[in-house]
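First up is the structure itself, then whatever we jot down about it.
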Amino acid sequence: MNKKIAIVTGGSRGLGRNTALKLATKGVDVILTYRSQQAEADAVVAEIEKMGGQAVALQLDVANSQSFAGFAAQVKTALQTRWQRERFDYLVNNAGIGIHASFAETTEAQFDQLMNIQFKGVFFLTQALLPLMADGGRIVNISTGLTRFALPGYAAYAAMKGAIEVLTKYLAKELGSRGITVNVVAPGAIETDFGGGVVRDNAQINAFIASQTALGRVGTPDDIGDMIAALLSDDNRWINAQRIEASGGMFL
1007 MNKKIAIVTG
1017 GSRGLGRNTA
1027 LKLATKGVDV
1037 ILTYRSQQAE
1047 ADAVVAEIEK
1057 MGGQAVALQL
1067 DVANSQSFAG
1077 FAAQVKTALQ
1087 TRWQRERFDY
1097 LVNNAGIGIH
1107 ASFAETTEAQ
1117 FDQLMNIQFK
1127 GVFFLTQALL
1137 PLMADGGRIV
1147 NISTGLTRFA
1157 LPGYAAYAAM
1167 KGAIEVLTKY
1177 LAKELGSRGI
1187 TVNVVAPGAI
1197 ETDFGGGVVR
1207 DNAQINAFIA
1217 SQTALGRVGT
1227 PDDIGDMIAA
1237 LLSDDNRWIN
1247 AQRIEASGGM
1257 FL
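Start counting the sequence shown at 1007; every next residue gets the next number (the numbering used here).
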(Lines of atoms letter the chains of each structure in order from A and count residues from 1; the text may use other names and numbers.)
(Lines give C-alpha, C1' and ligand atoms only; values in the text may rest on other atoms or scores of the structure.)
Protein backbone atom coordinates (compact mmCIF):
# COMPACT_ATOMS: atom_id res chain seq x y z
CA MET A 1 0.00 0.00 0.00
CA ASN A 2 1.28 3.47 -0.88
CA LYS A 3 2.33 5.68 2.00
CA LYS A 4 0.42 8.92 2.39
CA ILE A 5 2.17 12.14 1.43
CA ALA A 6 1.42 15.49 3.11
CA ILE A 7 2.32 19.02 2.08
CA VAL A 8 2.87 21.25 5.11
CA THR A 9 3.44 24.95 4.41
CA GLY A 10 5.69 26.81 6.80
CA GLY A 11 7.24 23.53 7.93
CA SER A 12 10.67 24.80 8.98
CA ARG A 13 9.61 26.13 12.38
CA GLY A 14 6.85 26.35 14.98
CA LEU A 15 3.59 24.49 14.49
CA GLY A 16 4.41 23.54 10.90
CA ARG A 17 7.65 21.84 11.93
CA ASN A 18 5.91 20.03 14.76
CA THR A 19 3.07 18.91 12.47
CA ALA A 20 5.52 17.58 9.87
CA LEU A 21 7.38 15.57 12.52
CA LYS A 22 4.18 14.21 14.10
CA LEU A 23 2.89 13.11 10.69
CA ALA A 24 6.21 11.36 10.06
CA THR A 25 5.88 9.41 13.32
CA LYS A 26 2.58 8.08 11.94
CA GLY A 27 4.24 6.95 8.72
CA VAL A 28 3.25 9.89 6.53
CA ASP A 29 5.89 11.29 4.15
CA VAL A 30 6.18 15.06 3.94
CA ILE A 31 6.81 17.86 1.46
CA LEU A 32 7.42 20.90 3.63
CA THR A 33 7.84 24.49 2.55
CA TYR A 34 10.00 27.28 3.93
CA ARG A 35 10.26 30.93 2.97
CA SER A 36 13.84 31.80 3.96
CA GLN A 37 15.03 29.31 6.59
CA GLN A 38 16.49 26.60 4.38
CA ALA A 39 18.89 25.25 7.00
CA GLU A 40 16.02 24.78 9.47
CA ALA A 41 13.88 23.13 6.78
CA ASP A 42 16.73 20.78 5.83
CA ALA A 43 17.08 19.86 9.51
CA VAL A 44 13.41 18.83 9.61
CA VAL A 45 13.92 16.71 6.47
CA ALA A 46 16.95 15.04 8.11
CA GLU A 47 14.93 14.30 11.26
CA ILE A 48 12.12 12.71 9.24
CA GLU A 49 14.62 10.61 7.27
CA LYS A 50 16.20 9.50 10.55
CA MET A 51 12.76 8.12 11.50
CA GLY A 52 12.73 6.10 8.28
CA GLY A 53 10.42 8.42 6.38
CA GLN A 54 10.93 10.46 3.24
CA ALA A 55 10.73 14.23 3.04
CA VAL A 56 11.51 17.12 0.70
CA ALA A 57 11.86 20.82 1.50
CA LEU A 58 10.75 23.33 -1.16
CA GLN A 59 11.04 27.11 -1.05
CA LEU A 60 7.74 28.98 -1.18
CA ASP A 61 6.61 32.50 -0.34
CA VAL A 62 2.87 32.14 0.29
CA ALA A 63 2.50 35.91 -0.06
CA ASN A 64 3.44 35.67 -3.75
CA SER A 65 0.55 34.04 -5.58
CA GLN A 66 2.37 34.53 -8.90
CA SER A 67 4.81 31.81 -7.82
CA PHE A 68 2.20 29.12 -7.17
CA ALA A 69 2.11 27.60 -10.67
CA GLY A 70 5.88 27.17 -10.52
CA PHE A 71 5.64 25.70 -7.05
CA ALA A 72 2.99 23.20 -8.17
CA ALA A 73 5.34 22.14 -10.97
CA GLN A 74 8.09 21.58 -8.37
CA VAL A 75 5.71 19.47 -6.31
CA LYS A 76 4.82 17.40 -9.37
CA THR A 77 8.51 16.80 -10.08
CA ALA A 78 9.22 15.89 -6.45
CA LEU A 79 6.32 13.42 -6.41
CA GLN A 80 7.57 11.74 -9.58
CA THR A 81 11.27 11.61 -8.72
CA ARG A 82 11.10 10.82 -4.99
CA TRP A 83 7.92 8.76 -4.76
CA GLN A 84 7.16 7.70 -8.35
CA ARG A 85 3.69 9.11 -7.71
CA GLU A 86 1.38 11.56 -9.46
CA ARG A 87 -0.60 12.66 -6.39
CA PHE A 88 -0.23 13.75 -2.77
CA ASP A 89 -2.84 13.12 -0.07
CA TYR A 90 -2.89 15.86 2.57
CA LEU A 91 -2.47 19.64 2.49
CA VAL A 92 -1.89 21.56 5.72
CA ASN A 93 -2.13 25.32 5.07
CA ASN A 94 -0.07 26.40 8.06
CA ALA A 95 2.34 29.14 6.92
CA GLY A 96 1.55 32.50 8.44
CA ILE A 97 2.69 35.55 10.36
CA GLY A 98 1.29 37.51 13.26
CA ILE A 99 0.90 41.29 13.32
CA HIS A 100 -0.25 42.94 16.54
CA ALA A 101 -1.71 46.41 16.00
CA SER A 102 -4.82 48.14 17.26
CA PHE A 103 -7.60 48.63 14.72
CA ALA A 104 -7.03 52.40 14.78
CA GLU A 105 -3.32 52.01 14.01
CA THR A 106 -3.37 49.13 11.51
CA THR A 107 -1.76 50.30 8.26
CA GLU A 108 -2.87 49.35 4.78
CA ALA A 109 0.54 47.72 4.25
CA GLN A 110 -0.01 45.52 7.32
CA PHE A 111 -3.52 44.67 6.15
CA ASP A 112 -2.29 43.74 2.66
CA GLN A 113 0.54 41.61 4.06
CA LEU A 114 -1.88 39.67 6.25
CA MET A 115 -4.37 39.33 3.40
CA ASN A 116 -1.75 38.01 0.98
CA ILE A 117 -0.32 35.46 3.41
CA GLN A 118 -3.28 34.37 5.51
CA PHE A 119 -6.14 34.46 3.01
CA LYS A 120 -5.24 35.08 -0.64
CA GLY A 121 -2.24 32.78 -0.35
CA VAL A 122 -4.28 29.91 1.09
CA PHE A 123 -7.05 30.43 -1.49
CA PHE A 124 -4.86 30.34 -4.58
CA LEU A 125 -2.21 27.90 -3.35
CA THR A 126 -4.94 25.35 -2.61
CA GLN A 127 -6.40 26.03 -6.05
CA ALA A 128 -3.00 25.50 -7.71
CA LEU A 129 -2.40 22.22 -5.86
CA LEU A 130 -5.86 20.69 -6.35
CA PRO A 131 -4.98 18.95 -9.63
CA LEU A 132 -2.16 17.13 -7.80
CA MET A 133 -4.26 16.07 -4.81
CA ALA A 134 -5.57 12.53 -4.67
CA ASP A 135 -9.32 11.92 -4.54
CA GLY A 136 -10.18 11.07 -0.95
CA GLY A 137 -7.52 13.51 0.26
CA ARG A 138 -7.64 15.92 3.18
CA ILE A 139 -7.12 19.64 3.62
CA VAL A 140 -6.50 21.27 7.01
CA ASN A 141 -6.54 25.06 7.23
CA ILE A 142 -5.08 26.72 10.30
CA SER A 143 -7.12 29.44 11.98
CA THR A 144 -6.96 30.83 15.52
CA GLY A 145 -8.91 31.00 18.76
CA LEU A 146 -9.10 34.73 18.04
CA THR A 147 -12.03 34.16 15.67
CA ARG A 148 -14.14 33.02 18.65
CA PHE A 149 -12.88 35.43 21.32
CA ALA A 150 -11.55 38.93 20.74
CA LEU A 151 -8.33 40.37 22.15
CA PRO A 152 -7.31 43.96 21.28
CA GLY A 153 -4.72 44.26 18.55
CA TYR A 154 -5.72 41.37 16.33
CA ALA A 155 -8.58 42.82 14.26
CA ALA A 156 -6.92 42.39 10.85
CA TYR A 157 -5.27 39.05 11.65
CA ALA A 158 -8.44 37.49 13.07
CA ALA A 159 -10.58 38.85 10.22
CA MET A 160 -8.37 37.00 7.69
CA LYS A 161 -8.69 33.82 9.73
CA GLY A 162 -12.46 34.31 9.88
CA ALA A 163 -12.41 34.40 6.08
CA ILE A 164 -10.46 31.12 6.08
CA GLU A 165 -13.13 29.52 8.24
CA VAL A 166 -15.88 30.48 5.77
CA LEU A 167 -13.72 29.39 2.82
CA THR A 168 -13.24 25.99 4.49
CA LYS A 169 -16.98 25.29 4.36
CA TYR A 170 -17.13 26.19 0.69
CA LEU A 171 -14.12 24.01 -0.13
CA ALA A 172 -15.72 21.09 1.72
CA LYS A 173 -18.93 21.58 -0.27
CA GLU A 174 -17.23 21.89 -3.65
CA LEU A 175 -14.61 19.17 -3.17
CA GLY A 176 -16.96 16.63 -1.60
CA SER A 177 -17.60 15.02 -4.96
CA ARG A 178 -13.91 14.04 -4.99
CA GLY A 179 -14.11 12.64 -1.47
CA ILE A 180 -11.82 15.40 -0.14
CA THR A 181 -12.54 16.61 3.40
CA VAL A 182 -11.66 20.14 4.50
CA ASN A 183 -11.45 21.23 8.13
CA VAL A 184 -10.15 24.11 10.24
CA VAL A 185 -7.88 23.69 13.24
CA ALA A 186 -7.96 26.76 15.49
CA PRO A 187 -5.10 26.77 18.01
CA GLY A 188 -5.29 28.84 21.16
CA ALA A 189 -2.21 30.62 22.48
CA ILE A 190 0.85 28.43 21.90
CA GLU A 191 4.44 28.72 23.14
CA THR A 192 6.32 29.26 19.85
CA ASP A 193 8.33 32.06 18.21
CA PHE A 194 5.09 33.20 16.48
CA GLY A 195 4.46 36.94 16.77
CA GLY A 196 7.92 37.47 18.21
CA GLY A 197 7.51 34.68 20.77
CA VAL A 198 5.41 36.85 23.08
CA VAL A 199 3.36 33.97 24.55
CA ARG A 200 6.47 31.87 25.14
CA ASP A 201 8.82 34.58 26.43
CA ASN A 202 6.61 37.07 28.31
CA ALA A 203 6.00 35.50 31.72
CA GLN A 204 3.15 37.88 32.52
CA ILE A 205 1.25 37.12 29.31
CA ASN A 206 1.96 33.40 29.69
CA ALA A 207 0.58 33.40 33.24
CA PHE A 208 -2.52 35.38 32.21
CA ILE A 209 -3.37 32.96 29.40
CA ALA A 210 -2.81 29.97 31.68
CA SER A 211 -5.19 31.52 34.21
CA GLN A 212 -7.87 31.87 31.51
CA THR A 213 -7.48 28.29 30.23
CA ALA A 214 -9.49 25.41 31.72
CA LEU A 215 -6.46 23.11 31.75
CA GLY A 216 -4.39 25.73 33.55
CA ARG A 217 -1.48 26.12 31.15
CA VAL A 218 -0.48 27.57 27.79
CA GLY A 219 -0.42 25.26 24.78
CA THR A 220 2.74 23.73 23.32
CA PRO A 221 3.50 22.86 19.69
CA ASP A 222 3.06 19.16 20.55
CA ASP A 223 -0.55 19.86 21.53
CA ILE A 224 -1.29 21.05 17.99
CA GLY A 225 0.95 18.77 15.91
CA ASP A 226 -0.46 15.67 17.58
CA MET A 227 -4.02 16.89 17.03
CA ILE A 228 -3.51 17.62 13.31
CA ALA A 229 -1.81 14.25 12.76
CA ALA A 230 -4.75 12.56 14.49
CA LEU A 231 -7.27 14.53 12.42
CA LEU A 232 -5.58 13.31 9.25
CA SER A 233 -5.75 9.67 10.31
CA ASP A 234 -8.35 7.35 8.77
CA ASP A 235 -10.18 7.28 12.11
CA ASN A 236 -11.41 10.83 11.41
CA ARG A 237 -12.57 10.33 7.83
CA TRP A 238 -16.15 11.48 8.60
CA ILE A 239 -15.18 14.85 10.09
CA ASN A 240 -15.75 17.50 7.44
CA ALA A 241 -16.30 21.28 7.22
CA GLN A 242 -15.64 21.67 10.96
CA ARG A 243 -13.83 24.28 13.04
CA ILE A 244 -11.95 22.35 15.72
CA GLU A 245 -10.46 24.56 18.40
CA ALA A 246 -7.40 23.17 20.19
CA SER A 247 -6.95 25.65 23.02
CA GLY A 248 -7.21 23.66 26.22
CA GLY A 249 -10.44 25.53 26.91
CA MET A 250 -9.50 29.22 26.67
CA PHE A 251 -11.94 31.93 27.76
CA LEU A 252 -14.84 29.60 28.48
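No residue lacks a Cβ here, since even glycine has one placed at the ideal position from N, Cα and C.
Taking the Cα positions, I1170 is about 13 Å away from L1131.
Rounded to the nearest angstrom, the Cβ distance from L1027 to V1146 is 16 Å, too far for a contact under 8 Å. The shortest CA-to-CA distance from Q1218 to any of F1257, A1195, R1243 is the one to F1257. The criterion of a C-beta distance shorter than 7 Å is not satisfied by A1107 and Q1119. The secondary-structure analysis by DSSP pairs F1094 across a beta bridge with M1139. Taking every protein chain shown into account, the CB of S1149 has 16 or more other CB atoms within 10 angstroms, so this residue is buried. Annotated as distal: T1031 and T1015, with beta-carbon spacing of 7 Å or more. Judged by beta-carbon spacing, A1101 lies beyond the 7 Å limit of V1050, meaning their Cβ atoms are not closer than that value. Between the region 1150-1164 and the region 1192-1207, the count of C-beta pairs closer than 8 Å reaches three or more; the two stretches touch.
In the structure shown, P1193 adopts extended strand secondary structure according to DSSP, grouped into three states.
Straight-line measurement puts the Cα of A1063 at about 9 Å from the Cα of S1018. Taking a 10 Å sphere around the C-beta of Q1044, we find fewer than 16 other C-beta atoms and assign the residue as exposed. In its chain, beyond the 5 residues on either side, V1188 have a beta carbon closer than 7 Å to the beta carbon of L1181.
Here the region 1087-1102 lies against the region 1133-1141, with 3 or more beta-carbon pairs under 8 Å apart.
Contact between A1161 and T1112 is confirmed by a C-beta separation of about 7 Å, below the 8 Å threshold. Cβ-Cβ separation between Y1163 and I1105: approximately 6 Å, consistent with a contact (criterion under 8 Å). As the crow flies, the alpha-carbon of N1208 is around 46 Å from that of Q1086.
D1035 and G1059 do touch by the CB rule: their CB atoms are close to 5 Å apart, below 8 Å. Cβ neighbours of A1216 within its own chain (closer than 8 Å, five residues either side excluded): G1222, R1223, V1224. For R1088 and R1154, the gap between their C-alpha atoms comes out near 41 Å. For G1168, the three-state secondary structure derived from DSSP is helix. Counting the other CB atoms within 10 Å of its CB gives F1109 a total below 16, which places it among the exposed residues.
R1088: not part of any alpha helix (DSSP H); DSSP gives it neither H nor E.
Ranking Q1065, G1185, I1123, V1098 by CA distance to the CA of A1084 puts Q1065 first. By DSSP's assignment, A1061 forms a beta bridge with V1036. Non-local C-beta neighbours of M1233 in its own chain, meaning closer than 7 Å and more than five positions away in sequence, comprise V1191, A1252, ordered along the chain.
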